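Following: one structure in structure tokens, then a few remarks.
Residue numbers (the working numbering): 3 to 159.
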């Protein structure tokens, strides 16, 4: 009986720690990949300046109307595009959606700074109508530099 109690206690602790670990981990990328690995054919790759930002709260799931299962904050940045390296230029400005940081892989854009953005291919199906891109710290998105810009241009040509 004592043995069964010990086994059940260990099993319960294993379950608790496993669930707790899953809830505790956020961003799961292992640092940035290099530029070559970061370029995918369906990806939007642009440079531009961040001109506006806002934090929005999204409701995910709904057990009953008015009772959200989960709320998540995310950041939306408005970027004035100056160069399109890959993809089709639809507009002069786009919305870039990302997390707010703190474990959700959000990229910490700053208003007034220029970036090269590697957007995930998931939101591209919406890009033609909504001008929405999505990126995070797991991509090669970074502050603009002439060196990086030339390297991207060489890789794509």
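Even for Gly, the Cβ is constructed at its ideal location relative to N, Cα and C. Computed from a predicted model, the values in this text were never measured in an experiment.
*Integer Cβ distance of residue 29 from residue 106, believed to fall under 8 Å*: 6 Å
*asked:* Tell me the residue span of the beta strand (DSSP E) that contains residue 154.
replied: Here residue 154 belongs to no beta strand (DSSP E); instead the alpha helix (DSSP H) covers 148-158.
*Can you tell me the Cβ-Cβ gap for residue 81 and residue 52, rounded? I've got them flagged as a contact below 8 Å.*
6 Å
*Give every residue of the same chain whose Cβ lies closer than 6 Å to the Cβ of residue 93, excluding the five residues on either side of it in the sequence, and list them in chain order.*
133
*Go ahead and label residue 45 buried or exposed: buried means 16 or more other beta carbons lie within 10 angstroms of its beta carbon, across all protein chains shown.*
buried
*Endpoints, the beta strand (DSSP E) within which residue 100 is located*: 95-100
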